[in-house]
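Asker: One structure, pasted below without further comment.
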C-alpha cells in the first residue's frame, strides 16, 4: 500500500518523482513558484500532467506513459486537499461542511452527521458545529477544514501551507493538531516553516525549478543542506563549488580553506556550509591561516534575534549591535567576512 | 478555547478597509450635477405620466375586463418565460463560464445578440423558425402543434429577448465566485453533479436571483417580438404592453392608467428581489 508518482508538465517545467510509505508524511520545501502546488494539484487531479504515472494503493491515479491516457477525476482519487485558506463552504454551517465528504461518498444524512461530529470533536471544534464559516476566526476555520478533509478518510492527505494564512497565535495549536492526526496517516505537506517540517514530517524534499533538488530525513536535510534553499531554511551559508585538497573552490572563484569530510574526493562537486554566527566582520583584510577572508559588499542589515544580520555578497553574518555600530556598517560598504577553517563543513553535493 | 472575537485572517481585511467609510468620497462636484441630470431624465417622464393619470377613472380603467385579462396574461407568460430562461440559461452560463471549447466566444456573442437586436427582428426570426412555413414549424405542424399566434408563442418571444439577461448576470456571478470551492468539493469526493447542486449553484444564488428578476422584468415589458410572432389576440397573446399600445389609439386615459400599473408591477418586482449584488463568495462579517 504505497504511493508512487512520476509526472512531467512541460508548460510549467515540472518533472518530479516521489514515493511514500503507508503512514509516512513528507514535507515539501522550496521557493515560491518552484512547483510545489503544481505537485499537489497533479496528485489531487486538478492539474493534468503531460506524462507520467501515479499509483495510490491499488488505484492507478493516472497513467499517461507510452500512449496511455488514463486519468482519474479528482472525486474518485481519495486525496483530500487542504489549502492555505480554509475554503469552508459559506452557505453551509460548520457541521454540514464537515459532513459534505461523507455525504458525497454516499453516506446517509444521519451517519454523515455522526462522522462529522466525531471529526469536529477530534479537532476540538465541536462547539462551532452550528456556526456559519463567517463567524469563525482563521484558526478555528482551518481546524474545521482539517476535520472536513479527514472526514473523507483520505488515503493521502495533501496540505498546501495550511498554516500560512494563520496569525501567530493560531498556528501552534493547528500544528499540534496536525501532529496528532498525521501520526498514523500518509500525507504530503507544503511548508515554508522549518518547524513544520521538523515536527510533522518524517522526510523532506526540496523542490526548486520544478525538480527535486534534495531529499532525505528532515533532520538530515536541515543539518547537512546541499541546496541554497535548504541552507537558507536551516539558517546556514552555503557555497557550491568543486572540492579541492585543502577545501573547496566556489563557483564564484573563492578559495575556501576547510577540512573536507571523509569521503570527499578532490575534483568532485561539493558545498561549503557555515553558520552566520561563525562569521566575523572586519573593515580590513585579516590574514593568517587557517582563516578565510572574503571581501564582500554589504547589501542589507536587519535585526535577527538580539543580533544584527549582515547580508553581503550572498552570504550572511550575525554580529552584535555594538559591533555593527563600531564598524559603522551601511549598505554599499566593502567589508571582510572572516571565517575559521574549522567552522566550515565541506561535503559532496 | 480561542476567543470568538479572535482577529480573522488576512482574507477579509482588504475588503473591510475598502468598505469602511473614510469620509472622503473623491467624487468631483460636477459629477453630481451630471448625475442629477441623468436621474431627472429617467424620473421626469415617469412624473409626467403620473400627472396625466385621470384619478377619478383610475380604478374602473384598470379593472376593466380587457385590462385584467392582459395583466393576468402578462404575469403568467412572464413567469413561464422566466422559468424557461432559468432552465436554458443556467446551463448556458455554466458552459460559458466554466468550460473552454472552440467557438466559445462566438457562442457568447450569439447568445447575447437579442440584447442589441430590435425585438421586431427577433419576432420575425422566430416566425421563420416556429411559424407554419418555418424551419421547425412544418414538422411541428405535422405533429399537430401550432405555435405561432398562440400563448406559447408569447412565452417563446419573451424567453428569446430575456435569456441574455439571465446568462450575463449568472456568468458574471460564476466567474466572481471562481472555482476554488468547486475544486475543494471535488477533492472531498463530490461528483460533478453533486458539486453543481451543493456548491456551485448555492454560491451563485444571488446572481441567479437577480438574473431571474431582470429576465422577468424584461418579459413583462416585451412588445415587438410578441406582436410580430404572436399577434394581439385578447386573452391569448395580448399582453399588457400590447393592450396599452392598442388603448392609446382609442382611450388615452386607459393607456396611461395601465402604463402606471406596469410601472408599479415592475418597480415592485425589481425592488423586492433585486438587491445590490454582494460579493458572492464573501463570508458575512463575524457577529462576535
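Residue numbers (our numbering), protein chains in the order written: chain A, 1 to 349; chain B, 1001 to 1288. We put the CB at the ideal spot given by N, CA and C, even for glycine. The structure displayed is predicted, hence computed values, not measured ones.
Apart from the five residues on each side of it in sequence, which residues of its chain come closer than 6 Å, Cβ to Cβ, to residue 42 of chain A?
Answerer: The answer, listed in chain order, is 7 and 49.
Asker: Give me the Cα-Cα distance between residue 1263 of chain B and residue 163 of chain A, rounded to the nearest whole angstrom.
Answerer: Answer to the nearest angstrom: the Cα atoms are 54 Å apart.
Asker: Is residue 142 of chain A buried or exposed, if buried means 16 or more other CB atoms sit within 10 Å of its CB?
Answerer: Label assigned to residue 142 of chain A: buried.
Asker: Do the segment 1066–1077 of chain B and the segment 1145–1155 of chain B make contact, defined as three or more Cβ pairs closer than 8 Å?
Answerer: Contact between the segment 1066–1077 of chain B and the segment 1145–1155 of chain B is present, because at least three Cβ pairs lie under 8 Å.
Asker: How would you label residue 1057 of chain B, buried or exposed, when you count the other beta carbons within 10 angstroms and need 16 or more for buried?
Answerer: Burial call: exposed.
Asker: Taking a contact to mean a Cβ-Cβ separation below 8 Å, would you say residue 1163 of chain B touches residue 1126 of chain B in this structure?
Answerer: No, Cβ-Cβ distance for residue 1163 of chain B and residue 1126 of chain B is not below 8 Å.
Asker: Whole angstroms are fine: how far does the CA of residue 257 of chain A sit from the CA of residue 329 of chain A?
Answerer: Rounded to whole angstroms, residue 329 of chain A to residue 257 of chain A spans 26 Å at the Cα level.
Asker: Spell out a yes or no on whether the segment 221–230 of chain A and the segment 55–70 of chain A are touching, meaning 3 or more CB-CB pairs, one atom from each, closer than 8 Å.
Answerer: No, because fewer than three Cβ pairs between the segment 221–230 of chain A and the segment 55–70 of chain A fall closer than 8 Å, the two stretches do not touch.
Asker: Quick check on the burial criterion: 16 or more other C-beta atoms within 10 angstroms. Buried or exposed for residue 1063 of chain B?
Answerer: Residue 1063 of chain B should be labelled exposed.
Asker: Should residue 148 of chain A be flagged as near chain B, meaning a C-beta pair shorter than 8 Å?
Answerer: Answer yes: the Cβ-Cβ gap between residue 148 of chain A and chain B drops below 8 Å somewhere.
Asker: From residue 1047 of chain B to residue 1268 of chain B, what does the alpha carbon distance come to, in whole angstroms?
Answerer: Between residue 1047 of chain B and residue 1268 of chain B, the C-alpha separation is close to 17 Å.
Asker: Between the segment 1098–1115 of chain B and the segment 1240–1253 of chain B, are three or more C-beta pairs nearer than 8 Å?
Answerer: The segment 1098–1115 of chain B is not in contact with the segment 1240–1253 of chain B.
Asker: In terms of alpha-carbon separation, which member of A/242, A/261 and A/262 lies closest to residue 254 of chain A?
Answerer: Here the closest residue by C-alpha is A/242.
Asker: Nearest to residue 201 of chain A by alpha carbon, out of A/187, A/209, A/212 and A/210?
Answerer: When each option's Cα is compared against that of residue 201 of chain A, the closest is A/187.
Asker: In the DSSP assignment, what residue or residues form a beta bridge with residue 311 of chain A?
Answerer: Answer is A/300 and A/316, bridged to residue 311 of chain A.
Asker: Establish whether the CB of residue 1270 of chain B and some CB of chain A are separated by less than 8 Å.
Answerer: Cβ-Cβ to chain A under 8 Å: no for residue 1270 of chain B.
Asker: Determine, using beta carbons only, whether residue 1171 of chain B and residue 1097 of chain B come nearer to each other than 8 Å.
Answerer: Yes. Within cutoff.
Asker: Taking residue 4 of chain A as the reference, give the member of A/160, A/24 and A/10 with the closest Cα.
Answerer: That would be A/24, whose Cα lies nearest to the Cα of residue 4 of chain A.
Asker: Which whole-angstrom value describes the C-beta separation of residue 1225 of chain B and residue 1160 of chain B, a residue pair presumed to lie in contact below a C-beta threshold of 8 Å?
Answerer: Yes, they are in contact, since the Cβ atoms of residue 1225 of chain B and residue 1160 of chain B sit about 6 Å apart, within 8 Å.
Asker: First and last residue of the beta strand (DSSP E) that includes residue 154 of chain A?
Answerer: It is not in any beta strand (DSSP E) - residue 154 of chain A carries neither H nor E in the DSSP assignment.
Asker: Between which two residues does the beta strand (DSSP E) carrying residue 46 of chain A extend?
Answerer: Taken as a continuous stretch (DSSP letters only), residue 46 of chain A belongs to no beta strand (DSSP E), as it is neither H nor E.
Asker: Is the beta carbon of residue 105 of chain A closer than 8 Å to that of residue 60 of chain A?
Answerer: Result no, Cβ atoms of residue 60 of chain A and residue 105 of chain A do not sit closer than 8 Å.
Asker: Find the residues of chain A that neighbour residue 1090 of chain B, judging by a C-beta separation of less than 7 Å, and give them in chain order.
Answerer: Those within 7 Å of residue 1090 of chain B in chain A number zero; the least Cβ separation is about 17 Å.
Asker: Is the separation between the beta-carbon of residue 1089 of chain B and that of residue 1205 of chain B shorter than 8 Å?
Answerer: For residue 1089 of chain B and residue 1205 of chain B, no; Cβs fall outside 8 Å.
Asker: Taking the DSSP output, what are the residues bridged to residue 160 of chain A?
Answerer: In the DSSP output, where bridge partners are listed per residue, residue 160 of chain A has A/190.
Asker: Residues of the segment 92–123 of chain A in Cβ contact with chain B at a cutoff of 7 Å, in chain order, please.
Answerer: Per Cβ criterion, the list reads 100, 101, 104 and 105.
Asker: Helix, strand or coil: how does DSSP classify residue 351 of chain A here?
Answerer: As shown, chain A starts at 1 and ends at 349. That puts residue 351 of chain A outside it, with no answer to give.
Asker: Could you give the uninterrupted runs of the alpha helix (DSSP H) lying entirely in the segment 227–274 of chain A, keeping only those of 4 residues or more?
Answerer: Runs of the alpha helix (DSSP H) inside the segment 227–274 of chain A: 228–233.
Asker: Could you round the C-beta distance between residue 237 of chain A and residue 293 of chain A to whole angstroms and report it? I think they count as a contact, below 8 Å.
Answerer: Contact doesn't hold; Cβ gap of about 15 Å is too wide.
Asker: What in chain B is Cβ-close to residue 80 of chain A, meaning under 7 Å?
Answerer: Per Cβ cutoff of 7 Å: 1187 and 1188.
Asker: Is any beta-carbon of chain A found at less than 8 Å from that of residue 1193 of chain B?
Answerer: No - not a single Cβ of chain A is within 8 Å of the one on residue 1193 of chain B.
Asker: Kindly list the residues whose CB is nearer than 7 Å to the CB of residue 12 of chain A, restricted to its own chain and excluding five residues on each side of it in sequence; keep chain order.
Answerer: Excluding positions up to five away in sequence, the list reads 35, 38 and 210.
Asker: Assuming contact is defined by CB atoms lying nearer than 8 Å, are residue 1255 of chain B and residue 1220 of chain B in contact in what I supplied?
Answerer: Going by C-beta atoms, residue 1255 of chain B is not nearer than 8 Å to residue 1220 of chain B.
Asker: Anything in chain A within Cβ reach of residue 1199 of chain B, meaning under 8 Å, just list it in chain order.
Answerer: Correct list: 89.
Asker: Report the rounded CA-to-CA distance for residue 1083 of chain B versus residue 1271 of chain B, giving the unit in angstroms.
Answerer: One C-alpha to the other measures close to 20 Å.
Asker: Starting from residue 202 of chain A, follow the alpha helix (DSSP H) in both directions and report where the run begins and ends.
Answerer: Note, residue 202 of chain A: premise wrong, no alpha helix (DSSP H); not H, not E.
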